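K.L.:
There are 2 protein chains.
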Amino acid sequence: MPRAGLTPALVTEVSAALADDIGFSQLSMGLLAERLGVKTPSLYKHVTSQADLNHRIAVLAMTELADAIRDATQGRAGSDALIAGARAMWSYVKEHPGRYAAGNAVRPTGPDDPLVAAAGRVLASWSAMLHGYRIDPGQEIHALRMVRTVLHGFATLEAAGNFRIDADVDVSFTWMIDFIDHGLRTLNDRH
Amino acid sequence: MPRAGLTPALVTEVSAALADDIGFSQLSMGLLAERLGVKTPSLYKHVTSQADLNHRIAVLAMTELADAIRDATQGRAGSDALIAGARAMWSYVKEHPGRYAAGNAVRPTGPDDPLVAAAGRVLASWSAMLHGYRIDPGQEIHALRMVRTVLHGFATLEAAGNFRIDADVDVSFTWMIDFIDHGLRTLNDRH
DNA sequence: CACGGCTAGCTAACGACACTAGCTTTAAGG
DNA sequence: CCTTAAAGCTAGTGTCGTTAGCTAGCCGTG
Chain E
0 MPRAGLTPAL
10 VTEVSAALAD
20 DIGFSQLSMG
30 LLAERLGVKT
40 PSLYKHVTSQ
50 ADLNHRIAVL
60 AMTELADAIR
70 DATQGRAGSD
80 ALIAGARAMW
90 SYVKEHPGRY
100 AAGNAVRPTG
110 PDDPLVAAAG
120 RVLASWSAML
130 HGYRIDPGQE
140 IHALRMVRTV
150 LHGFATLEAA
160 GNFRIDADVD
170 VSFTWMIDFI
180 DHGLRTLNDR
190 H
Chain V
0 MPRAGLTPAL
10 VTEVSAALAD
20 DIGFSQLSMG
30 LLAERLGVKT
40 PSLYKHVTSQ
50 ADLNHRIAVL
60 AMTELADAIR
70 DATQGRAGSD
80 ALIAGARAMW
90 SYVKEHPGRY
100 AAGNAVRPTG
110 PDDPLVAAAG
120 RVLASWSAML
130 HGYRIDPGQE
140 IHALRMVRTV
150 LHGFATLEAA
160 GNFRIDADVD
170 VSFTWMIDFI
180 DHGLRTLNDR
190 H
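Next comes the structure, spelled out in structure tokens:
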């Protein structure tokens with residue numbers, strides 16, 4: 000019996016890809032083992048439990064997402080940064096729905112959980128992006144939460160196939176980002 | 000052995016309440032049977048499978064949510080209707096997180112699925128609410144999707160405990176609704 | 001009031017799943 | 001070449017969803 004040469008990182012990567020293929024909720028140790036050409040119990044040499052595996056997928060997803068947003072918003076500001084960042088996040092979720100689902104399903108175990116750090120990097124990107132709008136410091140947290148809410152909501156609704164007429168979802172997305180952008184730009188002009 | 004007097008409706012109601020208590024993902028046939036004072040296999044006299052049960056919870060949730068939003072927006076228009084409807088949805092989700100999670104996890108089986116009708120009633124309420132803003136018909140679908148996206152995103156993020164500093168989540172919610180309201184009211188004033 | 005059929009609820013059992021125990025064998029390092 | 005950590009295996013356990021088949025409570029009819 001030749002060795003398969005597995006590592007925790009490889010197991011995580013393959014399970015993330017499998018989750019993207021069949022859906023995070025359908026992921027099982029048996030299917031993962033089959034895809035890796037190995038029997039189920041062998042996985043426990045690299046991963047302590049399914050919860051541990053899910054956690055690793057979540058960290059991977061949040062890290063990749065943070066990188067994607069950072070790369071997209073790099074060198075841009077204001078409207079440009081918002082549009083580029085939002086599209087980057089949306090396309091990441093469309094391409095990796097299983098990973099993203101894992102990222103939202105898993106709860107951090109504590110303050111020093113790498114998942115917290117990864118999620119913090121995503122938030123930091125949005126926060127940096129908002130600086131371009133010169134928002135009143137007291138309103139920054141609310142604007143940040145709104146951006147996060149909108150993008151998360153759109154991503155999950157679309158990943159779940161919840162938009163009936165999905166022909167012009169792209170148009171709706173653009174419209175929505177434009178709506179938010181316009182609102183942010185005119186935040187200080189309110190009477 | 001005296002009979003418990005179960006019905007599909009009662010089983011659904013109790014399972015929904017249980018899901019709200021322990022979380023939708025933690026719901027199991029065994030726990031439900033225990034709460035009903037019955038052995039697990041007895042449930043299958045009233046419900047064909049766990050998938051069937053989840054579907055019934057989802058229909059119940061969407062129906063209740065549609066009623067709550069309709070009642071809250073009744074007799075109101077524009078900003079008032081948006082604020083009242085949004086708060087009604089938010090408080091429903093806070094009060095019944097398990098039900099709402101079921102409503103989002105379950106896929107409709109077909110076009111005549113009662114779940115589709117219930118979800119349609121929710122959408123109809125948002126649509127009626129938007130009429131008060133006199134939005135250009137070509138943009139209505141986008142505005143509708145945005146409202147849905149924002150409320151769904153906020154509800155799920157908060158239900159998952161994803162807002163770190165949850166002290167002023169209520170303030171953020173109000174701020175966000177106000178932001179959306181302002182944007183909708185000035186939609187026609189864009190240059 | 002008796003009785004017959006429907007069915008709610010039960011026990012027993014199966015398959016799928018996550019996981020553990022313990023063995024064998026691989027392969028890396030002295 | 002030989003020792004040793006560990007990768008992968010087989011076998012087995014507990015839990016969960018689900019089915020089969022029996023028993024007994026309830027409702028309608030005679």
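For the protein sequence lines, the chains are E and V, in the order given. Counting in numbering that gives the first Met the number 0, the first sequence runs from 0 upward without gaps. Counting in numbering that gives the first Met the number 0, the second sequence runs from 0 upward without gaps. Every residue gets a Cβ at the ideal spot worked out from N, C-alpha and C, and that includes glycine. These numbers come from a predicted model, not from an experiment.
Using a C-beta cutoff of 9 angstroms, does V/H181 count as contacting chain E?
P.N.:
Taking the second sequence and counting its residues from 1, one reaches residue 181 of chain V at position 182. Taking Cβ atoms only, chain E reaches closer than 9 angstroms to V/H181, which makes this a yes.
K.L.:
Using a Cβ-Cβ distance under 9 angstroms, would E/T148 count as near chain V?
P.N.:
On the first sequence, residue 148 of chain E is found 149 positions in, with the first residue counted as 1. Taking Cβ atoms only, chain V reaches closer than 9 angstroms to E/T148, which makes this a yes.
K.L.:
Specify, as a first and last residue, the run of the alpha helix (DSSP H) that V/K93 falls within.
P.N.:
For the purposes of this step, residue 93 of chain V is taken as residue 94 along the second sequence, with counting starting at 1. That run of the alpha helix (DSSP H) goes G77 to E94.
K.L.:
Is there at least one Cβ from chain E nearer than 9 angstroms to V/G97's Cβ?
P.N.:
For the purposes of this step, residue 97 of chain V is taken as the residue at position 98 of the second sequence. It does not: the Cβ of V/G97 has no partner Cβ on chain E nearer than 9 angstroms.
K.L.:
Are there three or more Cβ pairs, one per stretch, closer than 8 angstroms when the stretch 97–109 of chain E is compared with the stretch 57–73 of chain E?
P.N.:
Contact holds: three or more Cβ-Cβ distances are below 8 angstroms.
K.L.:
When DSSP labels each residue in this structure, what does V/P1 get in the three-state scheme?
P.N.:
One-based indexing of the second sequence puts residue 1 of chain V at position 2. Note: V/P1 maps to coil in three-state DSSP.
K.L.:
Please confirm whether E/L42 and E/L59 have their CB atoms less than 9 angstroms apart.
P.N.:
To locate residue 42 of chain E, count along the first sequence from 1; it is residue 43. To locate residue 59 of chain E, count along the first sequence from 1; it is residue 60. Cβ distance not < 9 angstroms, so E/L42 and E/L59 don't count as in contact.
K.L.:
Out of E/E94, E/H141 and E/S48, which has the shortest C-alpha to C-alpha gap to E/G22?
P.N.:
In the first sequence, residue 22 of chain E corresponds to position 23, counting from 1. Nearest option by C-alpha distance: E/E94.
K.L.:
On a CA-only basis, which of V/G152, V/N103, V/V105 and V/A123 is nearest V/W89? Give me that one, please.
P.N.:
Here residue 89 of chain V refers to the residue found at position 90 when the second sequence is read from its first residue. The candidate whose alpha carbon is nearest that of V/W89 is V/G152.
K.L.:
Which same chain residues, not among the five before or five after V/V168, have their C-beta less than 8 angstroms away from its C-beta?
P.N.:
Reading the second sequence from its first residue, position 169 is the one you call residue 168 of chain V. If we look at V/V168 and ignore the five residues flanking it on each side, its Cβ neighbours are E157 and F162.
K.L.:
Is V/L195 close to chain E? Criterion is C-beta to C-beta, closer than 9 angstroms.
P.N.:
In the structure displayed, chain V extends from 0 to 190; residue 195 of chain V sits before or after that span and is not available.
K.L.:
Output yes if chain V places a C-beta closer than 9 angstroms to the C-beta of E/A142; else output no.
P.N.:
By 1-based counting over the first sequence, the position of residue 142 of chain E is 143. Yes, contact with chain V.
K.L.:
Go through its chain and collect everything with a Cβ distance to E/N53's Cβ below 6 angstroms, but skip five positions before and after it.
P.N.:
As a first step, residue 53 of chain E must be located in the first sequence, where it is residue number 54. The answer, listed in chain order, is A101 and V105.
K.L.:
At the level of alpha carbons, what is the spacing between V/A117 and V/K44?
P.N.:
As a working mapping, residue 117 of chain V is identified with position 118 in the second sequence. As a working mapping, residue 44 of chain V is identified with position 45 in the second sequence. Distance between the alpha carbons of V/A117 and V/K44 is about 26 angstroms.
K.L.:
Pull up the distance between the alpha-carbon of V/T39 and that of V/A159, whole angstroms please.
P.N.:
For the purposes of this step, residue 39 of chain V is taken as the residue at position 40 of the second sequence. For the purposes of this step, residue 159 of chain V is taken as the residue at position 160 of the second sequence. Their Cα atoms are separated by approximately 29 angstroms.
K.L.:
Taking the straight line between their C-alpha atoms, what separation do you get for V/M175 and E/M145?
P.N.:
Counted from its first residue, the second sequence places residue 175 of chain V at position 176. Counted from its first residue, the first sequence places residue 145 of chain E at position 146. So the alpha carbons of these two residues sit roughly 6 angstroms apart.
K.L.:
Listed in chain order, which residues of the stretch 39–65 of chain E have Cβ atoms closer than 8 angstroms to some Cβ of chain V?
P.N.:
Cβ contacts with chain V come from no residue of the stretch 39–65 of chain E.
K.L.:
Which of the residues in the stretch 115–128 of chain V, read from start to end, lie with their CB under 8 angstroms from any CB of chain E?
P.N.:
Residues: none.
K.L.:
Would you say V/A18 and V/I56 are within 9 angstroms of each other, going by their C-beta atoms?
P.N.:
The residue labelled residue 18 of chain V in the question sits at position 19 within the second sequence. The residue labelled residue 56 of chain V in the question sits at position 57 within the second sequence. Contact flag set, yes.
K.L.:
What is the C-beta distance between E/G131 and V/G182, in whole angstroms, given that I count them as a contact (C-beta under 8 angstroms)?
P.N.:
Here residue 131 of chain E corresponds to residue number 132 of the first sequence, with the count starting at 1. Here residue 182 of chain V corresponds to residue number 183 of the second sequence, with the count starting at 1. 19 angstroms between Cβ atoms; not a contact.
K.L.:
Please look up how many angstroms separate the CB atoms of V/T72 and V/M128, rounded, as I've assumed it's under 8 angstroms.
P.N.:
Locating residue 72 of chain V in the second sequence gives position 73, counting from the first residue. Locating residue 128 of chain V in the second sequence gives position 129, counting from the first residue. That pair is a contact at about 5 angstroms.
K.L.:
At a Cβ threshold of 9 angstroms, is V/V92 touching chain E?
P.N.:
Taking the second sequence and counting its residues from 1, the one referred to as residue 92 of chain V is at position 93. So, not an interface residue.
K.L.:
Taking the beta carbon of E/T47 as the centre, do at least 16 other beta carbons fall within 10 Å, making it buried, or is it exposed?
P.N.:
Numbered from 1 along the first sequence, position 48 holds the residue referred to as residue 47 of chain E. Exposed.
K.L.:
Ends of the alpha helix (DSSP H) at V/S14?
P.N.:
Translated into positions along the second sequence, residue 14 of chain V becomes position 15. Residues P7 to I21.
K.L.:
Could you check where the alpha helix (DSSP H) with V/R69 kicks off and where it finishes?
P.N.:
Position 70 of the second sequence, counting from 1, holds the residue named residue 69 of chain V. Its alpha helix (DSSP H) spans residues Q49 to T72.
K.L.:
Mapping DSSP to helix, strand and coil, what is V/N187?
P.N.:
Start at 1 with the first residue of the second sequence, and residue 187 of chain V comes out as number 188. Of the three classes helix, strand and coil, the one that applies to V/N187 here is helix, per DSSP.
K.L.:
Closest by CA to E/D180, which one among E/T155, E/A142 and E/V170?
P.N.:
The residue given as residue 180 of chain E occupies position 181 in the first sequence. For E/D180, the nearest C-alpha among the options comes from E/A142.
K.L.:
Out of V/D177, V/R86, V/S27 and V/L35, which has the shortest C-alpha to C-alpha gap to V/V13?
P.N.:
Taking the first residue of the second sequence as position 1, residue 13 of chain V is located at position 14. The shortest C-alpha separation from V/V13 is found at V/L35.
K.L.:
Can you give me the C-alpha to C-alpha distance between V/A83 and E/L122, rounded to a whole angstrom?
P.N.:
Counting from one through the second sequence, the residue named residue 83 of chain V turns up at place 84. Counting from one through the first sequence, the residue named residue 122 of chain E turns up at place 123. Approximately 29 angstroms between the Cα atoms of the pair.
K.L.:
Can you name the residues of chain E whose CB is closer than 7 angstroms to the CB of V/N103?
P.N.:
One-based indexing of the second sequence puts residue 103 of chain V at position 104. Result: A159.
K.L.:
Closest to V/Q138 by C-alpha separation, out of V/T148, V/L26, V/V37 and V/N187, would be which residue?
P.N.:
By 1-based counting over the second sequence, the position of residue 138 of chain V is 139. That would be V/N187, whose Cα lies nearest to the Cα of V/Q138.
K.L.:
So for E/G182, helix, strand or coil by DSSP?
P.N.:
Counted from its first residue, the first sequence places residue 182 of chain E at position 183. Helix.
K.L.:
Have a look at V/G77 and V/P136 and give me their C-alpha separation to the nearest angstrom.
P.N.:
The residue you call residue 77 of chain V lines up with position 78 of the second sequence. The residue you call residue 136 of chain V lines up with position 137 of the second sequence. Cα to Cα, V/G77 sits roughly 16 angstroms from V/P136.
K.L.:
Relative to the C-alpha of E/D20, which residue among E/V92, E/I134, E/T108 and E/D112 is closest?
P.N.:
Looking up residue 20 of chain E in the first sequence gives position 21. With distances taken between Cα atoms, E/D20 lies closest to E/V92.
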